[in-house]
Each structure stands twice: as structure tokens, then as C-alpha cells.
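Okay, so here's the structure we're looking at.
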Amino acid sequence: MPRFAKNMIGAAEAMPAEKYGFKPSSEMNTYGHLVLHILQTNNLLCAKASGAEAPEVALAETDAKGKLVAGLKASFDFCSTALANVDDSKLGDPLTLFGNRPSSRAGALIALSDGWYDHYSTQAIYLRLNGILPPSAQPPAAQPAKQ
Numbered sequence: 005m006p007r008f009a010k011n012m013i014g015a016a017e018a019m020p021a022e023k024y025g026f027k028p029s030s031e032m033n034t035y036g037h038l039v040l041h042i043l044q045t046n047n048l049l050c051a052k053a054s055g056a057e058a059p060e061v062a063l064a065e066t067d068a069k070g071k072l073v074a075g076l077k078a079s080f081d082f083c084s085t086a087l088a089n090v091d092d093s094k095l096g097d098p099l100t101l102f103g104n105r106p107s108s109r110a111g112a113l114i115a116l117s118d119g120w121y122d123h124y125s126t127q128a129i130y131l132r133l134n135g136i137l138p139p140s141a142q143p144p145a146a147q148p149a150k151q
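Numbering (my numbering), first residue to last: 5 to 151.
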């Protein structure tokens, strides 16, 4: 989770505010919608996996970049706290995901990690289409010369 939090928040910060309405084609979602979807998914799946109550979020994809980035950061903070309390003995507990799909706490964790891969790759594509190198493709920071 720390790696995805760093990269996904970094990707949200890297996209210029005026590009949050960008979508590669008319059928696709805007970048703002993608960020909103990521934070909503984080909150939902971390709540399901842990049994914690998901935070209420009153955001829209058209909100300012700063509000969406803050919401994304808050969702990873919630996940960090909620997932710290996951009990392995309860991973088989049944629950319902995405409307009416039967699953388990383990299924929610798998969906969460799969979502991070999927959503970050989408962020990276949107960034690259705008000439921006995604966080995971950035060269390492220059190291000071050794004396």
C-alpha cells in the first residue's frame, strides 16, 4: 500500500489542475472522475476488508484538484488505519461487494490490490497522453557526490 499511495497521490498531484477535465476520448472518464473513483474504491474496499465504517465523502469529479487530492490522501490514510486491524482469522467471513456480488474479506483485499494496479496504470496513461512522466517512471533523485 505505501508504494501505491505514493505513486497514486503523486500522479494526482502531477496532473495540472486544468487537465482534471481531460479524457482521452468522449466515451472515457475525466481524470477528475478517475481520482474520485480511486478514493471511493479505497474507502469502500478498506471498510469491507476491515469491518470499519467507510468515511462519508462529499466530492464530485468536477471539484477542484486540491479537494480531490486531499480526498485521495484521506482515503489512503483511512486504508492504512483500517487495514492495520485486519484479522487473518476473519478473511473467510462472507460479505457483499459492488451491489450484490457475494465475496469475503479476502476477496475485498484482492479487489483492492487489483484496483490499485488497474487505477494507477490508467493514471499513468492519462499523464503520458499529456506529456507528463508518471511517478513510477521518474528517474531516481540525484545522489550527492561522494567525497
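All C-beta atoms, glycine included, are put in the ideal place defined by N, C-alpha and C.
Note that the structure is a prediction, hence the values are computed from the model and not measured.
So, under 8 Å CB-CB, residue i and residue j are touching, yes? Tell me the CB distance rounded to an integer number of Å.
i: P59; j: F82; result: 6 Å
i: R109; j: L95; result: 5 Å
Work out the CA separation of residue j and residue i for me, nearest whole Å.
i: G70; j: T100; result: 32 Å
i: T34; j: G55; result: 31 Å
i: G14; j: I136; result: 12 Å
i: L63; j: Q44; result: 10 Å
i: F26; j: Q127; result: 11 Å
i: K102; j: S29; result: Residue 102 is actually Phe in this sequence, not Lys. So the alpha carbons of these two residues sit roughly 26 Å apart.
i: Y130; j: S84; result: 26 Å
i: D122; j: M19; result: 18 Å
i: A68; j: D92; result: 39 Å
Note the first and the last residue of the continuous alpha helix (DSSP H) segment covering residue i.
i: S125; result: R109 to L133
i: T45; result: Y35 to S54
i: G75; result: K69 to L87
i: K10; result: P6 to A18
Can you pull the DSSP bridge partners for residue i?
i: L101; result: R105
Just tell me which of the options has its CA closest to the CA of residue i.
i: A21; options: A141, A145 and N134; result: N134
i: R7; options: P28, G103, S30 and S117; result: S117
i: V73; options: A145, G25 and G36; result: G36
i: L38; options: A53, P106 and T66; result: T66
i: K209; options: I114, Y124 and P144; result: A query on residue 209 cannot be resolved here, the shown segment of the chain reaching from 5 to 151 and no further.
i: L48; options: S125, A78, K10 and Y24; result: A78
i: K23; options: T85, R132 and Y121; result: R132
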